[in-house]
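First the structure, in the form of structure tokens, and then the observations on it.
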């Protein structure tokens, strides 16, 4: 009785896992994002500009990269609107002069 129950659970697990895997492998129209080469370049540039603009030596605030309704979630604190601009304006004053960010293409 115990062996048949174990066998039944094992077969059910294999069936569910196999069915899930097969379903996940199907291609559904509209289920993937197609980005243009220009989109990839702009995303990479945004990533690079952010690292540059949060450095203490930067002449501009990183807040310019956020839309007016954008939200920066840093830890348990959310910044949006004027609070977001104030956060990035004060950021260089809170960082030590030795902080630098480097990015590279991979």
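In the working numbering, the protein residues as written are 18 to 123.
Ideal Cβ placement from N, Cα and C applies to all residues, glycine included.
As the structure is a computational prediction, the values presented were derived from the model and not from experiment.
Tell me which same chain residues have a C-beta within less than 7 angstroms of the C-beta of residue 103, skipping the five on either side of it?
In the chain shown, the residue the question calls residue 103 occupies position 86. So the list is empty, once near-sequence residues are dropped.
Over the uninterrupted alpha helix (DSSP H) stretch that includes residue 101, give me the two end residues.
Translated into the one-based positions of the chain shown, residue 101 becomes position 84. 98-111 is the extent of the alpha helix (DSSP H) around residue 101.
Which runs of the alpha helix (DSSP H) at least 4 residues long sit entirely within the segment 46-74? Give them in chain order.
Taken in chain order, the whole alpha helix (DSSP H) runs of length 4 or more contained in the segment 46-74 are 54-70.
What does the Cβ neighbour count give for residue 53, buried or exposed, with the cut at 16 atoms within 10 Å?
Against the chain shown, residue 53 aligns to sequence position 36. Its Cβ having fewer than 16 others within 10 Å, residue 53 is exposed.
Over what stretch of residues does the beta strand (DSSP E) that includes residue 89 continue unbroken?
Locating residue 89 in the chain shown gives position 72, counting from the first residue. Segment 88-91, the beta strand (DSSP E) holding residue 89.
Tell me, please, whether the segment 26-39 touches the segment 62-82 by the rule of three or more beta-carbon pairs shorter than 8 angstroms.
Short answer: they don't touch.
Under the three-state DSSP convention, the category residue 78 falls into
As a working mapping, residue 78 is identified with position 61 in the chain shown. DSSP places residue 78 in the coil class of the three-state scheme, outside both helix and strand.
Pairwise C-alpha distance: residue 111 and residue 51
Numbered from its first residue, the chain shown carries residue 51 at position 34. Numbered from its first residue, the chain shown carries residue 111 at position 94. So the alpha carbons of these two residues sit roughly 40 angstroms apart.
Thinking C-alpha only, which one of 99, 108, 94 and 92 is nearest residue 85?
In the chain shown, the residue the question calls residue 85 occupies position 68. In terms of Cα proximity to residue 85, the closest of 99, 108, 94 and 92 is 99.
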